[in-house]
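Worksheet for the structure shown next.
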Amino acid sequence: MNASSRTVPVPLKFGAIIGLIQAGVAFAVAIYLTVMDLTNATTRNLESDAAAANWIGVGTAIFIFILFGTVAAGAISLLRGRGWGRTPLVMMNVLLVPVAVYMAMEGLWPLAVVVGLAALLGLGGVLHPQSSAYAAESYGA
């Protein structure tokens with residue numbers, strides 16, 4: 559049975575929507591970093607005499623666009639009923655759990671709670687038994 563002819567389970571949609579929100583926030587940060595670099599409005603604590611130090615924000619933004627672009631593409635694919643997309647969402651959310659722990663250790667509790675909850679809820683949605691059964695059926699298992 560073709561995955562696109564079936565209804566995407568609600569938990570999988572939920573996990574994909576969380577992934578899209580995470581990607582949107584990351585894209586906003588990437589745009590901010592790019593604007594800061596292009597306008598020379600630096601407020602960083604970066605100590606470097608290298609010429610490339612002026613482009614760290616743009617370099618980071620490119621990395622963010624590639625990484626979270628994959629997450630967004632996976633989430634959109636899942637929402638459209640295609641089989642591809644769970645792995646980028648799982649990997650990103652698994653990586654965000656220790657990021658949230660680190661934020662908490664540094665005293666950024668409100669942000670840590672938001673990031674941690676988003677990661678755990680995203681994992682719960684994408685790895686939910688209904689989502690896993692849907693993925694298995696997509697591949698003929």
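Using my numbering, the letters of the sequence shown map in sequence onto residues 559 to 699. All residues carry an ideal CB built from backbone N, CA and C; glycine is no exception.
Task: Sequence ranges, alpha helix (DSSP H) only - wholly within the stretch 568 to 635, length at least 4 - done: Within the stretch 568 to 635, complete alpha helix (DSSP H) segments of at least 4 residues are found at 568 to 596, given in chain order.
Task: Contact belief for residue 648 with residue 681 at Cβ below 8 Å, rounded distance in angstroms - done: As a first step, residue 648 is located in the sequence shown; it is residue number 90 there, counting from the start. As a first step, residue 681 is located in the sequence shown; it is residue number 123 there, counting from the start. The C-beta distance from residue 648 to residue 681 rounds to 7 Å, short enough to fall under 8 Å.
Task: residue 635 versus 614, 577, 695 and 698, residue with shortest Cα-Cα distance - done: Along the sequence shown, one-based indexing puts residue 635 at 77. Here the closest residue by C-alpha is 577.
TODO: Would you mind giving the Cβ-Cβ distance between residue 626 and residue 585, rounded to the nearest angstrom? I have them listed as a contact below 8 Å.
DONE: In the sequence shown, the residue the question calls residue 626 occupies position 68. In the sequence shown, the residue the question calls residue 585 occupies position 27. At roughly 6 Å, the Cβ-Cβ gap stays under 8 Å, so residue 626 and residue 585 are in contact.
Open item on the list: Buried or exposed for residue 569, going by 16 or more other Cβ atoms inside 10 Å?
Closed with: The sequence position of residue 569 within the sequence shown is 11, counting from 1. Residue environment analysis places residue 569 among the buried positions, since at least 16 neighbouring C-beta atoms fall within 10 angstroms of its C-beta.
Task: Backbone CA spacing between residue 612 and residue 595 [nearest angstrom] - done: In the sequence shown, residue 612 corresponds to position 54, counting from 1. In the sequence shown, residue 595 corresponds to position 37, counting from 1. In this model, residue 612 and residue 595 are separated by some 7 Å (Cα to Cα).
Open item on the list: Along the chain, where does the alpha helix (DSSP H) containing residue 564 start, and where does it finish?
Closed with: As a working note, residue 564 is residue 6 in the sequence shown. Counting along the chain, residue 564 falls outside any alpha helix (DSSP H), and DSSP gives it neither H nor E.
- [ ] Determine the direct distance from the alpha carbon of residue 655 to that of residue 666, and round the result to whole angstroms.
- [x] Along the sequence shown, one-based indexing puts residue 666 at 108. Along the sequence shown, one-based indexing puts residue 655 at 97. If you draw a straight line from the Cα of residue 666 to the Cα of residue 655, it is about 14 Å long.
- [ ] Just tell me which of 697, 698, 668 and 650 has its CA closest to the CA of residue 630.
- [x] Looking up residue 630 in the sequence shown gives position 72. Residue 630 has its Cα closest to that of 650, out of 697, 698, 668 and 650.
TODO: Confirm, please, whether the CB-CB distance from residue 617 to residue 608 is below 9 Å.
DONE: If you number the sequence shown from 1, residue 608 lands on position 50. If you number the sequence shown from 1, residue 617 lands on position 59. No, the pair does not count as a contact, with Cβ atoms beyond the cut-off.
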